[in-house]
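Notes for the one structure printed next.
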Amino acid sequence: MLPHTFQFSPLFRRTVDAQFSGGHITSDAGLLLLREVDRKLQLSASLAKRLSDNRQSSKVQHSLKAMLQQRLFAMAAGYEDLNDHQQLRADFAVQTAVERCKPLASTATLYRFEAAMDRDAIIASHRLLWEQFIAAHRRAPKRIVLDFDATDIPLHGDQPEKFFHGYYDHYCYLPLYVFSGRFPLVAYLRQSRIDGAKHTGAILKLLVTFIRHHWPDVQIVFRGDSGFCRQLVLNWCERNRVDYLVGIARNRRLEALLEPLWKHVERHHTKRRKEGQTGSTKGFWRYRYQAGSWKKARSVIGKAEVTDKGRNPRFVVTSLAGHDARLYCDDYCARGDMENRIKDQQLDLFAKRTSSKHWWSNQWRLMLSMLAFVLFEKLREVLSSKYRKLSVHTLRLKLIKIAAVVTYNTRRIRFLMNENCPDQKEFIRIVEALSSG
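The opening residue of the sequence shown carries number 1 in UniProt numbering; numbering runs sequentially from there.
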């Protein structure tokens, strides 16, 4: 059957027509980079060995490792739906990345793969992440910061444990994320009918125990916003040599203790305005404070900030010593970068795609997003400075979504990439860096 020819508007005197008959062309040749990263990390291979496979071995066509890689690389290339794999399974770039030379798993097969995930699979995935975190350091660091944060995943179907959350004003899940710097450590799916800090103490204990097993002398700092200021968590930190830097919700008692600083800050702000300076004026004050539910007083750093709209007080409770302004502005406010990492997960790597009717399948999709993020972070290590700070979305556009004609024979697979690719020099440099490492 001859391919169908279709017409476009002419260009001057030339007709413009097209056919879907150009041979095998892929738009994702950059997946070969992530294939090299995965081979170095042994990420998918290690996880596949930890997953249980209850299928009849005589009928298995697609290994756990192949299906795991297929999902990971597709998400990295921007394909969020299982339905995408009905066509994507024949893409030569994806097949090469998965190290197969024949069609990959179908949508139905991948659905059964995800539906088979259980609690043990999620534990194994998290443990692999933690081991990768340890292996990413050549020597034990002196200090690590564990950032905790919760966010919402909107629900639009009949997913299990769905609940309407008043703050977010929609049905949602409320996953708990933990990062250390840019490295993801936990993506724990939870229903939204809970306190946002629920399970924090248990997860913190597991993480600290694991980290201290490898690095007994490392200083660990627990950091979070005011939603994580819970007496039980702070008490546990103090008993187990874990420092903390946590926001605390403002109240009348806290604001009254900050009152001596306000007149000075407001006077200085007025003076700056008269001199033509813009922006807010800040002052910091540390004092001892004991909430009604606390058994003892703790150090609180109050920020007295004056803007053109008036006073803007903020507070953090901490066990750390040091300059108050530095602890607040440099150390505490740095937790905001974690929100960018969550955006990478939710928006660019589709952690919000929790549309399965199986609870553990939805949790598994969060884990796939985390694992894909690890691949990008490892790739980031060999990028030049111009590319290193780019978001996952931008890295995908520049280095993954590269068009190529693919030719096959018995001896060679050749990717003939777009010769006008603007990032080809960086692409070649990355390949050389990965092959020499």
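Every residue gets a Cβ at the ideal spot worked out from N, C-alpha and C, and that includes glycine.
Rounded to whole angstroms, what's the CA-CA distance from residue i to residue j? Just pull it up for me.
i: L11; j: P422; result: 26 Å
i: Y79; j: L206; result: 33 Å
i: T394; j: L33; result: 15 Å
i: residue 455; j: F179; result: The structure shown does not extend to residue 455, since the chain is modelled only from 1 through 437, so no value can be given for it.
i: I301; j: W360; result: 41 Å
i: Q70; j: I194; result: 35 Å
i: I122; j: R143; result: 27 Å
i: L232; j: L72; result: 38 Å
i: P3; j: I25; result: 16 Å
i: V218; j: A93; result: 43 Å
i: R89; j: A105; result: 6 Å
i: residue 466; j: P103; result: With the chain covering 1 to 437 only, the question about residue 466 has no answer from this structure.
i: G279; j: V265; result: 13 Å
i: R230; j: G247; result: 10 Å
i: N240; j: A202; result: 13 Å
i: Q42; j: A325; result: 43 Å
i: V431; j: K40; result: 13 Å
i: S299; j: A321; result: 9 Å
i: N235; j: H323; result: 24 Å
i: C101; j: D243; result: 52 Å
i: R411; j: Q95; result: 16 Å
i: Q159; j: C172; result: 10 Å
i: F415; j: G23; result: 12 Å
i: G30; j: A74; result: 12 Å
i: R341; j: S436; result: 29 Å
i: M67; j: M338; result: 30 Å
i: R365; j: K271; result: 54 Å
i: F6; j: D17; result: 5 Å
i: R139; j: Y177; result: 25 Å
Among the options, whose alpha-carbon lies nearest the alpha-carbon of residue i?
i: A249; options: D308, D243 and P313; result: P313
i: Q65; options: R89, E99, N54 and R414; result: Here residue 65 is Lys; the residue named in the question, Gln, does not match the sequence. Taking only the C-alpha atoms, the option nearest K65 is E99.
i: residue 438; options: T318, F427, L68 and F350; result: A question about residue 438 goes unanswered here, because the residues of the chain that appear run from 1 up to 437.
i: L261; options: V246, W285, R252 and G279; result: W285
i: residue 467; options: V392, M367, S384 and T410; result: The requested residue 467 does not occur in the structure, where the chain is confined to residues 1 to 437.
i: F222; options: W215, L204, Q95 and H213; result: L204
i: F350; options: A150, V60, P154 and L110; result: P154
i: C333; options: R119, P141, D147 and N83; result: D147
i: Q86; options: A108, C101, C329 and L189; result: A108
i: F183; options: K162, T200 and H137; result: H137
i: D225; options: V316, T407 and F8; result: V316
i: R311; options: L416, D158 and H269; result: H269
i: R252; options: T281, Y289 and R267; result: Y289
i: Y111; options: D91, K198 and L82; result: L82
i: H214; options: W130, Y287, A187 and L257; result: W130
i: T307; options: K282, Y287 and L257; result: K282
i: L258; options: P216, R267, G227 and A304; result: A304
i: V406; options: D91, Y328, D149 and M67; result: D91
i: V374; options: A76, D330 and D120; result: A76
Apply the 10 Å Cβ neighbour rule to residue i and answer buried if 16 or more other Cβ atoms are within range, or exposed otherwise.
i: G336; result: exposed
i: H156; result: exposed
i: I400; result: buried
i: D169; result: exposed
i: L128; result: buried
i: H126; result: buried
i: A404; result: buried
i: residue 442; result: Shown here, the chain extends from 1 to 437; a query on residue 442 therefore has no answer.
i: Y167; result: exposed
i: S369; result: buried
i: Q346; result: buried
i: A197; result: buried
i: I134; result: exposed
i: T318; result: buried
Is residue i helix, strand or coil by DSSP?
i: G276; result: coil
i: S180; result: strand
i: L129; result: helix
i: L174; result: coil
i: P154; result: strand
i: D330; result: helix
i: A120; result: Note on identity: in this sequence residue 120 is Asp, with Ala being the wrong assignment. The answer is helix: DSSP assigns D120 an H, G or I state.
i: A18; result: strand
i: Y168; result: coil
i: R335; result: helix
i: P103; result: coil
i: G302; result: strand
i: S391; result: coil
i: I134; result: helix
i: L146; result: strand
i: P10; result: strand
Contact criterion: CB-CB distance below 7 Å. Does residue i meet it with respect to chain C?
i: R388; result: The chain labelled as chain C is not found in the depicted structure, where only one protein chain is given.
### Query
Is it true that the stretch 291 to 298 meets the stretch 274 to 282, where meeting means three or more beta-carbon pairs spaced less than 8 Å apart?
Under the Cβ criterion (8 Å, minimum of three pairs), the stretch 291 to 298 does not count as touching the stretch 274 to 282.
### Message
Closer than 8 Å is the cut-off here; do at least three beta carbon pairs connect the stretch 375 to 382 with the stretch 32 to 47?
### Response
yes
### Message
Assess contact between the stretch 345 to 359 and the stretch 108 to 116, defined as three or more Cβ pairs (one per stretch) separated by less than 8 Å. Is contact present?
### Response
yes
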